[in-house]
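**Student:** So the protein lines, in turn, are chains V and H. The opening position of the first sequence corresponds to residue 1 in the numbering used here, with each subsequent residue numbered one higher. The opening position of the second sequence corresponds to residue 247 in the numbering used here, with each subsequent residue numbered one higher.
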Amino acid sequence: MSLLRLENITKRFGGLVAVDDVSLEIQEGELIAIVGPNGAGKTTLFNIISGVFLPEEGRVFFQDKDITELPAYKRAPLGLGRTFQIPRPFSSASVRENVAIGAMFGTLAGKVTVDESLEIADHYIDLVGLQDHRNKAAGTLTPVEKKLMEIARALAMKPKLLLMDEAMAGMNPKDIDEMVQFLLRLKEEEKMSIIAMVEHIMRAVAGLAERVMVMHQGAKFVDAPTKEALSDPKVVEVYLGHSKGE
Amino acid sequence: MTGYVDFGYVAFMGVGTYGMALGITRLVHFKGLGIGLIIIGLCLAMVMSTLLALAVGAVALRLRGAYFAIATIGVNEGFRYLIEGAKIWNGSEGIIFMGQMNEAFGDEVASALSTFWADVLVVIIAALAAFVTLHYMRSKIGYALTALREDEDAAKVMGINVTKFKIIAFITSAIFAGLLGAAAWAIKTPYVFPPEVFEIHYTVEAIIIVLLGGAGTLLGPVVGGLIYGISKYFLAIILPGFQLLIFAPIIIIIIVLFPEGTIGMLKNRVRGTALERYIV
Numbered sequence: 001m002s003l004l005r006l007e008n009i010t011k012r013f014g015g016l017v018a019v020d021d022v023s024l025e026i027q028e029g030e031l032i033a034i035v036g037p038n039g040a041g042k043t044t045l046f047n048i049i050s051g052v053f054l055p056e057e058g059r060v061f062f063q064d065k066d067i068t069e070l071p072a073y074k075r076a077p078l079g080l081g082r083t084f085q086i087p088r089p090f091s092s093a094s095v096r097e098n099v100a101i102g103a104m105f106g107t108l109a110g111k112v113t114v115d116e117s118l119e120i121a122d123h124y125i126d127l128v129g130l131q132d133h134r135n136k137a138a139g140t141l142t143p144v145e146k147k148l149m150e151i152a153r154a155l156a157m158k159p160k161l162l163l164m165d166e167a168m169a170g171m172n173p174k175d176i177d178e179m180v181q182f183l184l185r186l187k188e189e190e191k192m193s194i195i196a197m198v199e200h201i202m203r204a205v206a207g208l209a210e211r212v213m214v215m216h217q218g219a220k221f222v223d224a225p226t227k228e229a230l231s232d233p234k235v236v237e238v239y240l241g242h243s244k245g246e
Numbered sequence: 247m248t249g250y251v252d253f254g255y256v257a258f259m260g261v262g263t264y265g266m267a268l269g270i271t272r273l274v275h276f277k278g279l280g281i282g283l284i285i286i287g288l289c290l291a292m293v294m295s296t297l298l299a300l301a302v303g304a305v306a307l308r309l310r311g312a313y314f315a316i317a318t319i320g321v322n323e324g325f326r327y328l329i330e331g332a333k334i335w336n337g338s339e340g341i342i343f344m345g346q347m348n349e350a351f352g353d354e355v356a357s358a359l360s361t362f363w364a365d366v367l368v369v370i371i372a373a374l375a376a377f378v379t380l381h382y383m384r385s386k387i388g389y390a391l392t393a394l395r396e397d398e399d400a401a402k403v404m405g406i407n408v409t410k411f412k413i414i415a416f417i418t419s420a421i422f423a424g425l426l427g428a429a430a431w432a433i434k435t436p437y438v439f440p441p442e443v444f445e446i447h448y449t450v451e452a453i454i455i456v457l458l459g460g461a462g463t464l465l466g467p468v469v470g471g472l473i474y475g476i477s478k479y480f481l482a483i484i485l486p487g488f489q490l491l492i493f494a495p496i497i498i499i500i501i502v503l504f505p506e507g508t509i510g511m512l513k514n515r516v517r518g519t520a521l522e523r524y525i526v
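1) I believe residue 27 of chain V touches residue 2 of chain V by the beta-carbon criterion, under 8 Å. Please report the beta-carbon distance rounded to the nearest angstrom.
2) Quick one: is residue 225 of chain V buried, meaning 16 or more other Cβ sit within 10 Å of its Cβ, or exposed?
3) Mind checking the region 411-423 of chain H against chain V and listing, in chain order, the residues whose C-beta falls within less than 7 Å of any C-beta there?
4) Taking the straight line between their C-alpha atoms, what separation do you get for residue 181 of chain V and residue 494 of chain H?
5) Contact criterion: CB-CB distance below 9 Å. Does residue 82 of chain V meet it with respect to chain H?
6) For residue 157 of chain V, go through chain B and note every residue whose CB falls closer than 8 Å to its CB, in chain order.
7) Kindly list the residues whose CB is nearer than 8 Å to the CB of residue 315 of chain H, restricted to its own chain and excluding five residues on each side of it in sequence; keep chain order.
8) Which of the three DSSP states is assigned to residue 196 of chain V in this structure?
9) Is residue 148 of chain V closer than 9 Å to residue 195 of chain V when the C-beta atoms are compared?
10) Helix, strand or coil, according to DSSP, for residue 239 of chain V in the structure here?
11) Would you call the CB atoms of residue 104 of chain V and residue 386 of chain H closer than 9 Å?
12) Using 8 Å for Cβ pairs, my map puts residue 164 of chain V next to residue 204 of chain V. What's the rounded Cβ distance?
13) How many angstroms separate the CA atom of residue 295 of chain H from the CA atom of residue 351 of chain H?
14) Closest to residue 370 of chain H by C-alpha separation, out of H:426, H:435 and H:482, would be which residue?
15) Output the residue ranges of the alpha helix (DSSP H) runs that lie fully inside the region 426-499 of chain H and measure 4 residues or longer, sorted by chain position.
16) At what residue ranges does the region 65-130 of chain V contain a whole run of the alpha helix (DSSP H), taking only runs of 4 or more?
17) Have a look at residue 424 of chain H and residue 373 of chain H and give me their C-alpha separation to the nearest angstrom.
18) Residues in its own chain within less than 7 Å of residue 56 of chain V by CB, not counting five upstream and five downstream?
19) So, do the region 275-286 of chain H and the region 402-417 of chain H have three or more beta carbon pairs nearer to each other than 8 Å?
20) If you draw a straight line from the alpha carbon of residue 44 of chain V to that of residue 71 of chain V, how long is it in whole angstroms?
21) Taking the beta carbon of residue 125 of chain V as the centre, do at least 16 other beta carbons fall within 10 Å, making it buried, or is it exposed?
22) Quick check: the region 53-68 of chain V against the region 99-114 of chain V, are there 3 or more CB pairs under 8 Å?
23) Compile a chain-ordered list of the residues in the region 80-104 of chain V whose CB is closer than 9 Å to at least one CB of chain H.
24) Compare the Cα-Cα distances from residue 307 of chain H to each of H:410, H:481 and H:503 and report the closest residue.
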């Protein structure tokens with residue numbers, strides 16, 4: 001049984017085809033990267049998986065259950081967690097409260113009390129290293145701290161599949177390496193699948209993912225094991241503009 | 247707590263007032279209900295304001311922010327003209343039920359009800375509202391409302407059924423408005439005229455008070471009410487007739503410079519300290 005299966009997803013905004021007939025299957029415990037230049041349709045695909053948009057065509061299955069038309073708030077308890085490209089903290093609430101919200105309404109919804117949620121929050125705040133900012137208003141964090149807080153918030157949802165939208169944008173190479181190690185550890189310890197979306201940090205992709213899907217102009221361009229995908233001449237061309245010799 | 251401003255708030259008070267008035271006038275002939283009549287009136291007020299909240303919420307809560315506020319202004323005016331135009335509940339003649347109060351409870355009790363017990367009821371309702379708000383804030387409802395106030399779309403993705411929680415908040419506020427209308431207006435005066443109970447002025451005052459004190463806080467409205475009440479009183483003495491002219495620019499200044507209000511500012515100051523627990 002696959003964890004997530006997309007079948008021929010198409011999403012249009014007016015005349016623009018943002019996602020064009022994309023199919024994708026992810027197994028439990030898999031960590032894949034979706035790469036592609038700005039405007040390739042990666043975030044739109046994420047929004048379709050998490051239920052922010054409905055696709056015009058195609059179906060979305062989560063653990064073989066058709067969730068194509070399921071509202072976003074019903075997907076989180078099934079085990080879909082995500083972070084956003086531009087962090088969207090609940091700014092006036094503290095970091096602790098933000099992360100606790102994840103625990104309260106994620107897969108543990110209805111099973112944990114407010115106090116238990118706050119304890120879970122503390123655990124993940126420590127895990128991402130924000131323990132000194134626990135009681136700060138989330139809106140006052142730096143951009144990188146906000147990203148970390150969003151990861152903690154998504155992890156507190158105890159998702160089966162974590163969607164990470166540009167988790168490493170704006171980080172320096174050292175931070176990126178740390179983040180890659182962190183995600184690999186997470187995958188093992190929390191036994192979750194991860195789809196990480198990366199715009200252009202190949203350093204991260206190479207160290208992180210077993211498999212890469214490359215998107216270009218809304219369509220699936222390449223879906224292959226990382227090494228193969230990154231050395232594919234077509235991919236090089238999309239990324240660098242021209243292949244060698246031109 | 248949701249960040250949604252309801253300009254139709256007074257409509258729920260008005261409906262609550264009618265709940266009490268109708269309860270007393272229609273049921274006055276059932277002797278032996280005694281003070282139970284007041285309780286029935288309060289229940290009617292709650293039921294009627296809940297029903298109105300459901301009807302209004304089903305439509306208006308689909309709108310966001312300012313659009314919601316504008317839509318709710320219409321509710322109040324619309325409801326008033328519906329009552330007057332369609333001659334529902336005596337239309338524009340209103341309901342005067344001093345006589346029925348005397349008949350049901352006897353002259354002495356009726357007068358005690360409208361002079362003393364109505365005020366006591368208001369205090370009890372305020373305490374109850376504070377208790378419920380506090381309970382909401384510390385429960386999952388409070389967390390959900392904070393999340394949806396800050397970012398409705400992110401809240402949905404976190405698994406929060408935003409519609410459900412908006413309706414919970416909306417109905418809770420409507421019920422207390424209805425109770426307040428029943429106690430502070432119906433029992434106290436005791437009459438109901440549509441143009442008076444559906445006066446938008448009260449909503450505006452309530453919003454000013456909340457802004458002064460701090461929206462989404464428990465102490466905010468108390469502090470805001472004190473500031474507003476005292477300054478209104480002194481302004482009326484110093485510059486009679488100019489209160490509203492002076493309040494308008496003050497409100498604009500508050501919104502621009504101190505959007506969190508008095509308590510909101512205080513809350514940010516004490517965040518992370520031992521005092522935090524007490525500033526709610």
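Beta carbons: idealized from backbone N, C-alpha and C, even for Gly. Note that this is a predicted model, so its numbers are computed, not measured.
**Tutor:** Checking against the coordinates, here is how it stands:
1) 6 Å
2) exposed
3) none
4) 57 Å
5) yes
6) Protein chains in the displayed structure are V and H, and chain B is not among them.
7) 250, 251, 252 and 253
8) strand
9) no
10) helix
11) yes
12) The Cβ separation is near 11 Å, so there is no contact.
13) 26 Å
14) H:426
15) 440-443, 446-459 and 465-484
16) 72-75, 95-105 and 114-128
17) 15 Å
18) 10, 11 and 12
19) no
20) 16 Å
21) buried
22) no
23) 80, 81, 82, 84, 88, 89, 90, 91, 92, 93, 94, 97, 98, 100, 101, 102 and 104
24) H:410
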